[in-house]
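Shown next, in structure tokens, is the structure this report addresses.
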Ligand SMILES: [Zn+2]
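Residue numbers (the working numbering), protein chains in the order written: chain Z, 17 to 407; chain W, 6 to 143.
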């Protein structure tokens, strides 16, 4: 077991959805401002600005790389470094792990991590084509019509084949996430969603139907990382990073030999070991979704379903509001919206929000420890982070 | 946005794979230093980093590791092919590759089904692709 060396002291977010009149820059600035003020800090207290990658606009992305946010937010000559960290959907956990390393080695006292993108405002076909190239080999896979929904479908199919999970169980993940999103003012989809709505929606790529597939959204979220030793002096609600473990399993999804587990099982074992915590100590699970199979794989790996199969656990309502293992309480990408690399950042920020006690109507009472997961590209890597109100 | 139904753009080290496919042969890259079978073809052997690489014929048989029938929302260039079947095949030589399943019963394919290689010349992108068919018709 290791001691926490880093803590999150502030969070910021803007609503997800389609906001053609809100630029990526505006969203980024507002999310950063929110995180800095939430921490009770000023812009000149930030040592390192760490934006992740934006996909919709190359111009905005190079602005992120080239210190635009330092200039917009008044950090010139006080910020020491502006460096982009891009790992697709795993940018969340990857930024946190790298920020943790910077503050724990003394290289920085504070790191501002931020995501902003506007993939939701792209024309629909452009969004499909954009995500048909994120981790899809141009030479070996694109000629077969491969695309991101097919990635989710291939993994779902293998998972169902190996675990006996049913289409209804996968659908119940979407229903549970929507119940959380109905309590989240930042979510894109807040109208009620029934199991029947999911099970009768149009087939996209078997076994996935339209309601199993995420919808692209515009959005931004940010968080500030500080040294664990200084966190309590900055904020009354620090969230400590107790563990982070991850495994890269593939570039091309066709090369992974264990699609029903990916790298989550190995990462979970390692994360529990680092944290000194056990599955019974986890109060909330903030799990990367994008498609319903991924929270199921993560639940299995985290062993938080009291011995039950993840699918039947979710179908029984155990991960819904009021259930024994609140899961992805912002509604996930399936209901808050898939903002590109930031879909995972929003899930991670939700984990901080819950442990800070700032989740409003959907606050899980008494949550002390949270497990968070993330993955990028075609589920190229599996990250497990364990967070706690206790150092 | 580029048409994603693009030519595979062979590299110097993958060209023999596509040349063999054009002759309706499936080949697997092989490392002479450590005897590894390599899919997809690589510049160096990912097992020993050796560069003494050659080719071996595949029997072209294996099983479906996973499969999906794409029925909607395809990438640009695939609208007219709907529905089409995407599969990951694990060859008997113990390497995996992405492919399309063809044949009238392809939509009924399941994980574990036996498949055999075939070839499809795609005039739109000027290439012959290895594809697969179910061994036991459904
Ligand atoms: Zn070798």
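Where a beta carbon is used, it is the ideal one built from N, C-alpha and C, also for glycine.
C-beta neighbour in chain W for residue i, strict 9 Å
i	result
residue 263 of chain Z	no
residue 160 of chain Z	yes
residue 155 of chain Z	yes
residue 408 of chain Z	Look at the range of chain Z in this structure, 17 to 407, and you will see that residue 408 of chain Z is not part of it.
residue 354 of chain Z	no
residue 174 of chain Z	yes
residue 228 of chain Z	no
residue 145 of chain Z	yes
residue 34 of chain Z	no
residue 231 of chain Z	no
residue 135 of chain Z	no
residue 187 of chain Z	no
residue 269 of chain Z	yes
residue 399 of chain Z	no
C-beta contact flag for residue i and residue j at 9 Å
i	j	result
residue 413 of chain Z	residue 68 of chain Z	Chain Z is shown from 17 up to 407; residue 413 of chain Z falls before or after that span and cannot be answered.
residue 91 of chain Z	residue 357 of chain Z	no
residue 317 of chain Z	residue 293 of chain Z	no
residue 89 of chain Z	residue 52 of chain Z	yes
residue 68 of chain W	residue 100 of chain W	no
residue 202 of chain Z	residue 39 of chain Z	no
residue 96 of chain W	residue 66 of chain W	yes
residue 134 of chain W	residue 159 of chain Z	yes
residue 44 of chain Z	residue 85 of chain Z	yes
residue 348 of chain Z	residue 363 of chain Z	yes
residue 389 of chain Z	residue 236 of chain Z	no
residue 314 of chain Z	residue 301 of chain Z	yes
residue 353 of chain Z	residue 107 of chain Z	no
residue 161 of chain Z	residue 91 of chain W	yes
residue 399 of chain Z	residue 187 of chain Z	no
Any C-beta of chain Z under 9 Å from that of residue i
i	result
residue 16 of chain W	yes
residue 34 of chain W	no
residue 127 of chain W	yes
residue 115 of chain W	yes
residue 156 of chain W	The structure shown does not extend to residue 156 of chain W, since chain W is modelled only from 6 to 143, so the question has no answer here.
residue 109 of chain W	no
residue 83 of chain W	yes
residue 6 of chain W	For residue 6 of chain W, the predicted structure reports a pLDDT of 37, less than 50, and the residue's modelled location is therefore unreliable. The matter cannot be settled from this model.
residue 19 of chain W	yes
residue 121 of chain W	no
residue 28 of chain W	no
residue 86 of chain W	yes
Per-residue burial, residue i [other beta carbons within 10 Å of its own, 16 or more giving buried]
i	result
residue 9 of chain W	Model confidence at residue 9 of chain W stands at a pLDDT of 48, short of 50, so the residue's coordinates are unreliable; what they give is reported in the following sentence. It is buried - the Cβ of residue 9 of chain W has at least 16 other Cβ atoms within 10 Å.
residue 173 of chain Z	buried
residue 195 of chain Z	buried
residue 82 of chain Z	exposed
residue 59 of chain W	exposed
residue 94 of chain Z	exposed
residue 17 of chain Z	exposed
residue 289 of chain Z	exposed
residue 84 of chain W	exposed
Of the residues the options, the one placed nearest residue i, counting alpha carbons only
i	options	result
residue 37 of chain Z	Z:120, Z:406, Z:117, Z:234	Z:234
residue 70 of chain W	W:20, W:106, W:126	W:106
residue 168 of chain Z	Z:223, Z:64, Z:365	Z:223
residue 396 of chain Z	Z:104, Z:28, Z:86, Z:79	Z:104
residue 35 of chain Z	Z:232, Z:360, Z:228, Z:330	Z:232
residue 227 of chain Z	Z:341, Z:309, Z:61	Z:309
residue 29 of chain W	W:124, W:128, W:141, W:18	W:124
residue 241 of chain Z	Z:288, Z:254, Z:361	Z:254
residue 54 of chain Z	Z:77, Z:191, Z:24, Z:75	Z:24
residue 104 of chain W	W:63, W:78, W:137	W:137
residue 190 of chain Z	Z:179, Z:206, Z:211	Z:211
residue 118 of chain W	W:47, W:108, W:45, W:140	W:140
residue 181 of chain Z	Z:312, Z:374, Z:350, Z:334	Z:312
residue 130 of chain Z	Z:77, Z:120, Z:179	Z:77
residue 367 of chain Z	Z:146, Z:386, Z:379	Z:386
residue 63 of chain W	W:129, W:20, W:108, W:43	W:43
residue 243 of chain Z	Z:379, Z:48, Z:402, Z:118	Z:118
residue 281 of chain Z	Z:198, Z:265, Z:271, Z:269	Z:265
residue 204 of chain Z	Z:21, Z:30, Z:407	Z:30
residue 59 of chain Z	Z:112, Z:239, Z:79, Z:115	Z:239
Contact test: residue i Cβ vs ligand 3 heavy atom, cutoff 8 Å
i	result
residue 333 of chain Z	Inclusion of ligand 3 in the displayed structure is not the case, the ligand content consisting of ligand 1 alone.
*asked:* For the stretch 58-76 of chain W, list every residue whose C-beta sits within 8 Å of some C-beta in chain Z, in sequence order.
replied: So the list reads 70, 71, 72, 73, 74, 75, 76, given in the order they occur along the chain.
*Pull out every residue of the stretch 294-327 of chain Z whose Cβ sits closer than 7 Å to any Cβ of chain W, in chain order.*
Going along the stretch 294-327 of chain Z in chain order, one finds no residue with a Cβ nearer than 7 Å to chain W.
_Closer than 7 Å between beta carbons: that is the criterion. Which residues of the stretch 189-223 of chain Z meet it against chain W?_
Contact residues of the stretch 189-223 of chain Z toward chain W are 218, 219, 220, 221, 222 (C-beta to C-beta distance below 7 Å).
*Members of the stretch 275-289 of chain Z that neighbour chain W once the beta carbon cut-off is set at 8 Å*: If the cut-off is 8 Å between Cβ atoms, the stretch 275-289 of chain Z has 275 near chain W.
_Contacting positions in the stretch 74-95 of chain Z - beta carbon closer than 9 Å to chain W_ = Listed in chain order, the positions of the stretch 74-95 of chain Z with a beta carbon within less than 9 Å of a beta carbon of chain W would be empty, since no residue qualifies.
*Identify each residue in the stretch 92-103 of chain W for which the Cβ-Cβ distance to at least one residue of chain Z is less than 7 Å, and report them in chain order.*
Hits within the stretch, in order: 93, 101, 102, 103.
*the stretch 35-52 of chain W: positions lying closer than 7 Å to chain Z by Cβ*: Cβ contacts with chain Z come from 45.
_Against chain Z: residues of the stretch 127-142 of chain W by CB proximity under 9 Å_ = The residues in question are 127, 130, 132, 134, 136.
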